[in-house]
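Take 7 as the starting number for the sequence shown in this note's numbering and just add one per residue.
Don't be surprised by glycine CBs; every beta carbon is placed ideally from N, CA and C.
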Amino acid sequence: MARMTAQSATDPHTPRLLTCDVLYTGMGGAQSPGGVVVVGGTVAATGHPDALRAAYPHAREERTGPVIAPPPVNAHTHLDMSAYEFTALPYFRWIPEVVVAQREKRSVTAALHGADTLARLGAGGVGDIVYMHAPDVMDALLAREDLSGVLYYEVLGTFPEMADEVFRTVRERVERWRANERPGGPRVGLSPHTPHTVSGRLMRLLCDYAAGEGLPLQIHVAEHPAEHDLYTRGGGPIWDNRLAALYPDTFAEVMGRAPEPDLTPVRYLDELGVLSAKPTLVHMVNVTPDDIARVARAGSAVVTCPRSNHHLECGVFPWAAFAAAGVEVGLGTDSVASGGSLDVREDVTFAQALHPGLDPRVIVRAAVKGGHRVLGTRVPFIRRGEAWDDRYRW
7 MARMTAQSAT DPHTPRLLTC DVLYTGMGGA QSPGGVVVVG GTVAATGHPD
57 ALRAAYPHAR EERTGPVIAP PPVNAHTHLD MSAYEFTALP YFRWIPEVVV
107 AQREKRSVTA ALHGADTLAR LGAGGVGDIV YMHAPDVMDA LLAREDLSGV
157 LYYEVLGTFP EMADEVFRTV RERVERWRAN ERPGGPRVGL SPHTPHTVSG
207 RLMRLLCDYA AGEGLPLQIH VAEHPAEHDL YTRGGGPIWD NRLAALYPDT
257 FAEVMGRAPE PDLTPVRYLD ELGVLSAKPT LVHMVNVTPD DIARVARAGS
307 AVVTCPRSNH HLECGVFPWA AFAAAGVEVG LGTDSVASGG SLDVREDVTF
357 AQALHPGLDP RVIVRAAVKG GHRVLGTRVP FIRRGEAWDD RYRW
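Right, dumping it as structure tokens:
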């Protein structure tokens with residue numbers, strides 16, 4: 007009998023029972039604990055470990071780690087910043103001391119290095135922001151056969167009188183890039199940077215165009231608490247720290263309306279008509295219950311970047327409130343300069359510690375299905391008859 011047991015341990019056709027704390031198969035909700043039976047490289051069954059032990063009593067049991075799930079999606083990052091050094095600083099120091107000070111490191115080479123990293127990590131997809139002043143990055147990443155997801159071309163422009171000219175240039179570039187899209191490869195999208203770095207007129211032009219053409223959208227929104235002062239009174243640290251030459255005289259000129267005591271970035275976008283284009287809203291840390299309700303009514307998804315928000319002292323994403331409202335949530339690393347790495351699994355782990363009252367199954371599902379829904383890509387399934395992939399071990 008001992009000889010048979012030793013033989014079965016090396017027989018590739020002997021069933022293996024892989025167990026974990028959280029199992030997400032890509033369908034429905036995740037479960038905890040979970041297990042997968044693999045026979046000869048093919049998934050034979052998934053479910054609770056006890057049920058699988060009873061059904062496959064001769065299976066060789068292996069503890070795989072905390073999670074079994076399809077590869078997570080990095081739904082928001084900046085690959086062209088992959089040569090930056092990670093630095094944790096308060097937001098208003100991080101911008102000048104890191105983003106501006108290291109700007110010469112933003113390049114096609116850095117973006118390709120970031121794409122190589124994602125390929126090595128086995129990422130399930132990426133939502134990348136392509137820097138407005140490095141459009142060659144778009145051409146380089148579109149050519150990658152090992153990349154899927156969306157490449158969002160970033161647009162900035164605060165002067166309303168220049169909106170039509172900026173929009174024409176953006177549209178010409180996007181139409182050229184879309185001709186280079188390939189089935190299964192990355193799609194082209196748009197990222198109006200933030201509601202306060204894009205004039206109201208340009209924001210409407212971009213989002214109406216995206217909605218008409220079926221282009222995915224991502225917008226950075228409600229990242230830092232100082233945005234409250236900007237929208238309620240047209241001033242505060244963000245306005246004081248702007249590069250004056252790049253802005254009109256007042257914030258009201260950017261928005262096309264006066265600040266108001268109860269105005270928020272989300273309400274501003276909603277009343278501008280932008281949420282009807284169903285953009286993905288990134289960060290969404292400093293929001294009100296009304297903001298969350300508006301996002302839910304619009305059917306927009308959000309992406310949280312837990313490590314980045316923590317490192318820049320921006321606050322904590324109110325995940326439970328968004329979940330209660332039925333808003334789809336994805337996860338992203340943001341840039342390596344603020345997030346620390348491109349491995350979204352590390353954001354999953356960080357989020358579990360940051361949100362101890364939130365079911366870990368919700369976070370794992372967000373990293374997989376939430377990310378794919380943000381990008382409009384297909385979720386792979388772990389189910390009977392499918393090939394087992396070691397990338398499913400987290």
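| Check | Outcome |
| --- | --- |
| Distance between beta carbons of H289 and V227, contact taken as under 8 Å | 6 Å |
| Where H226 sits in the DSSP three-state scheme | strand |
| Bridge partners - P198, DSSP secondary structure assignment | V161 |
| A117 burial status per 10 Å Cβ neighbour count (16 or more: buried) | buried |
| Sequence-distant residues of its chain with Cβ nearer than 7 Å to F173 (five each side left out) | L208, L211 and L212 |
| Element boundaries [alpha helix (DSSP H), containing I369] | P366 to R371 |
| First and last residue of the uninterrupted beta strand (DSSP E) at P72 | R66 to I74 |
| Span of the beta strand (DSSP E) around V272 | Note, V272: premise wrong, no beta strand (DSSP E); alpha helix (DSSP H) at P271 to L278. |
| Alpha helix (DSSP H) runs contained entirely in the region 125–169, provided each spans 4 or more residues | 142–148 |
| Straight-line gap, I388 to D152 (C-alpha atoms, nearest Å) | 21 Å |
| Beta-carbon proximity check, T286 vs T270, cutoff 7 Å | no |
| Test item: CB-CB of R351 and W400 under 7 Å | yes |
| Those runs of the beta strand (DSSP E) which lie wholly inside the region 317–361 and span at least 3 residues | 335–337 |
| C-alpha gap between V104 and A94, whole angstroms | 9 Å |
| Sequence-distant residues of its chain with Cβ nearer than 6 Å to A232 (five each side left out) | G242, P243 and I244 |
| Range of the contiguous alpha helix (DSSP H) that encloses Y95 | Per the sequence shown, the amino acid found at residue 95 is Leu instead of Tyr. L95 -> no alpha helix (DSSP H), and no H or E assigned at all. |
| Reduced DSSP secondary structure (H/G/I, E/B, other) of D255 | coil |
| DSSP bridge partner residues for A51 (one or two, in chain order) | V43 |
| Beta-carbon contacts of A12 that lie in its chain and below 6 Å, excluding the five residues immediately before and after | Unreliable placement is indicated for A12, whose pLDDT of 46 sits below 50; the coordinate value is still reported in the next sentence. Correct list: empty, nothing qualifies. |
| Own chain residues within Cβ distance below 6 Å of V176, not counting five before or after | V161 |
| Nearest-angstrom beta carbon gap, V79 and G130 [assumed within contact, 8 Å] | 5 Å |
| As assigned by DSSP and simplified to three states, the class of R300 | helix |
| The region 301–321 touching the region 244–259, judged by at least three CB pairs closer than 8 Å | no |
| Residue range of the alpha helix (DSSP H) that includes T238 | E233 to R239 |
| Neighbourhood of M10 by C-beta distance below 8 Å, restricted to the same chain and skipping five residues each side | Any reading at M10 is ruled out, since the residue's pLDDT is 38, under 50, leaving its predicted position unreliable. |
| C-beta contact flag for L124 and L348 at 7 Å | yes |
| Sequence-distant residues of the same chain with beta carbon closer than 6 Å to M7, five excluded per side | The predicted position of M7 is uncertain, since its pLDDT is 33 and thus under 50; no value can be drawn from it. |
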